[in-house]
Structure formats: C-alpha cells, structure tokens
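Student: The following block contains the structure, expressed as structure tokens.
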Amino acid sequence: MSQAERTGPVRAVWTFGLLRNEVRTTLRRWRTLALLGVLAAVPVLVGVAVKIETGDGGSAGGGGEGPAFIAQITNNGLFLVFTALAATLPFFLPMAVGVVAGDAIAGEANAGTLRYLLVAPAGRTRLLLTKFATTMAFCLLATLVVAVSALAVGALLFPLGDLTTISGTRIGFGEGLGRALLIALVVAASLTGLAALGLFISTLTNSGIAAMATTVGLLITVQILDQIPQLDALQPYFFSHYWLSFADLMREPVYWDDLVRNLGLQALYAAVFGSAAWARFTTKDITA
7 MSQAERTGPV RAVWTFGLLR NEVRTTLRRW RTLALLGVLA AVPVLVGVAV KIETGDGGSA
67 GGGGEGPAFI AQITNNGLFL VFTALAATLP FFLPMAVGVV AGDAIAGEAN AGTLRYLLVA
127 PAGRTRLLLT KFATTMAFCL LATLVVAVSA LAVGALLFPL GDLTTISGTR IGFGEGLGRA
187 LLIALVVAAS LTGLAALGLF ISTLTNSGIA AMATTVGLLI TVQILDQIPQ LDALQPYFFS
247 HYWLSFADLM REPVYWDDLV RNLGLQALYA AVFGSAAWAR FTTKDITA
C-alpha cells in the first residue's frame, strides 16, 4: 500500500475525530446550554400563554400564516411547533447561531488554543470546514430543540389529530408530523448564510466577544432594514428575507417558489462568505 493510500483513511479518521471533538466541546459550554435552554423555554411560554388565554373559551388570535399559526393551536397542538419556529426564527434562533459562529475562530484565538489546533495535522482549511460543520450541527440541534419542546408542550396542553392546511385542506396527523420535521430542516438550512457570515467575522478578530457582538449586531441591522418599505428593491437579497417562507410547506399543494429562493440565497451567502473566511483564515498570522 502506498503512502497516499495509507494517509487517506488516516485523514478521514482525523477529520471525523476533530469534528466530533468540536461538536462535543461546543455542546459542553455553559453558554451553549443556556442558549438551548432559552430556545426550549419559548414554546413552553407560548403554549402556557395560549392555554391561559383560551381557558375561558376565548380565541388565541386570527387566522393566517407565520406567527398567526397560533390561532390553530387550541384545535391541534402540532401547530405549536410551527408557531414556536415562527416566533424564534426572527431573533432567538439566529442570535444563538450568531453567538456560536462568531466564537468559532475568534474564541479559540482569545483562549490561546488556536495555535495548538493548527499544530495538530488538521490544516487551516480542514479546521475551518470543521468549525462551519459544527456551527451547522448547532443550527440543526437548536431548531430541533424548539420543535421537540413545542411538540411535547402541544401534546400535553392541547389535542392532537388531523390538521387543516393554510389552503383549507385536511391532512392526517402522520403527514402533519412529517411536514413539521421538514419545516424544522428548512429552518435550520435557512440559517446557513448567517452561519457563514458569522464564521467570516470570526476570522477578522481575536476577540470572541467582539465577533459575537458584530454578528448579532448585523443580524439586528438586517432585520430592521428588511422592514423599511423604501428598501424593497434590496430586501430580496437580505439573508433573512425569505426565512418565514417555511409556512408555504403548510399549503396544499406546497408553494415552492419562495422556499427555493430562500435556499438558493443561503447557498449564495455560504459560498461568498465561506470563501472570504477561507481566504482570510489561510493567510492570517496566528499569534494566539
């Protein structure tokens, strides 16, 4: 067996081990656990609030989509999943992702462990890809935490059964559960652009706090700009513009246009800012 044939499996094992270690380290941080705890608490607060409001037979709100899924929760607890994701996606979920992404490289530099990681046979490109994969794993985990918490609370406080879609058609509970999972995956994928942007910012500084604050600050700025009517020509290019398009998965038939635009936009942001992060990180002088 040649040297190249022997090093291939070794590199694959090393990459998997590095990714596993990064994911484990991220999930063991108290900051990460606190963020996941806050995300899990949001569906609980929403579910309890709806239960109290409708306890006397009142209505939880008007019909519609996005956060207005709340009007359907009393009829079917599965709608709490859609409501919780719609409530957390504008700020809570992306803020948590921004914190993790911003800390990915800058946090290691600030702690003095970045040089140690690069001394090991990881390489800068592989380390950067591992950090991005870890951030995306957190995106998925955070989204599932919201969805599972909402499903548990919805099942505890409200009835479950067939669902009425936005289009007015009826689907079975099993299909509704499948759509809830698909929606969670789409929401996680919707955070890809922000994750790449946060990772790029993380390569620009050795301060984890500065990188996290900048990422979250940009998130808030983009969210504000996306609400200004005079900027409607630019808004389709903001990474957050199509986030709530996941509601179209509750139509019959599914309306795919905005969903495809959203995923395409996230891929574009990932390509642009991922490349910028790679260019910066591979030429950066590592002093910490």
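Per my numbering, residue 7 is the first one in the sequence shown, and the count goes up by one each step. Beta carbons: idealized from backbone N, C-alpha and C, even for Gly. If you're wondering where the values come from, they're calculated on a predicted model, not measured in any experiment.
Between residue 248 and the rest of its own chain, which residues show a CB-CB distance below 6 Å, the 5 nearest in sequence each way excluded?
Tutor: Once the five neighbours on either side are set aside, the close Cβ partners of residue 248 are 264, 267 and 268.
Student: Based on Cα-Cα distance, which residue from 30, 75 and 22 lies nearest to residue 172?
Tutor: Considering only alpha carbons, the answer is 75.
Student: Do you know whose CA, among 57, 112 and 228, lies nearest residue 241's CA?
Tutor: Ranking the options by Cα distance to residue 241, first place goes to 228.
Student: Which value, in whole angstroms, describes the spacing of the CA atoms of residue 22 and residue 110?
Tutor: Rounded to whole angstroms, residue 22 to residue 110 spans 17 Å at the Cα level.
Student: Could you tell me whether the stretch 95–111 touches the stretch 271–282, where touching means 3 or more Cβ pairs closer than 8 Å?
Tutor: Verdict: no, contact absent.
Student: Using a Cβ-Cβ cut-off of 7 Å (strictly less than) and excluding sequence neighbours within five positions of residue 94, which residues of its own chain qualify?
Tutor: The residues are 45, 48 and 152.
Student: From the DSSP output, in three-state form, read off residue 176 for me.
Tutor: It is a strand residue.
Student: Should residue 91 go down as buried or exposed, given a rule of 16 or more other Cβ atoms within 10 Å for buried?
Tutor: With 16 or more other Cβ atoms within 10 Å, it is buried.
Student: Just to check my reading of the structure: residue 164 and residue 79 have Cβ atoms closer than 8 Å, yes? What is that Cβ distance to the nearest angstrom?
Tutor: With a Cβ gap of about 6 Å, residue 164 and residue 79 count as contacting.
Student: Quick check: what's the CA-CA separation for residue 289 versus residue 130?
Tutor: For residue 289 and residue 130, the distance between alpha carbons rounds to 9 Å.
Student: Along the alpha helix (DSSP H) that carries residue 270, what are the first and last residues, could you check?
Tutor: 263–289 is the span of the alpha helix (DSSP H), which, as asked, contains residue 270.
Student: Using only the alpha-carbon positions, how far apart do residue 208 and residue 60 sit?
Tutor: Rounded to whole angstroms, residue 208 to residue 60 spans 45 Å at the Cα level.
Student: Please state the DSSP three-state secondary structure of residue 225.
Tutor: Of the three classes helix, strand and coil, the one that applies to residue 225 here is helix, per DSSP.
Student: For the alpha helix (DSSP H) containing residue 142, list its first residue and its last residue.
Tutor: It spans 130–163 - the alpha helix (DSSP H) in which residue 142 sits, taken as one unbroken run.
Student: Applying the criterion that 16 or more other CB atoms from any shown protein chain within 10 Å of the CB defines a buried residue, is residue 275 buried or exposed?
Tutor: Residue 275 should be labelled buried.
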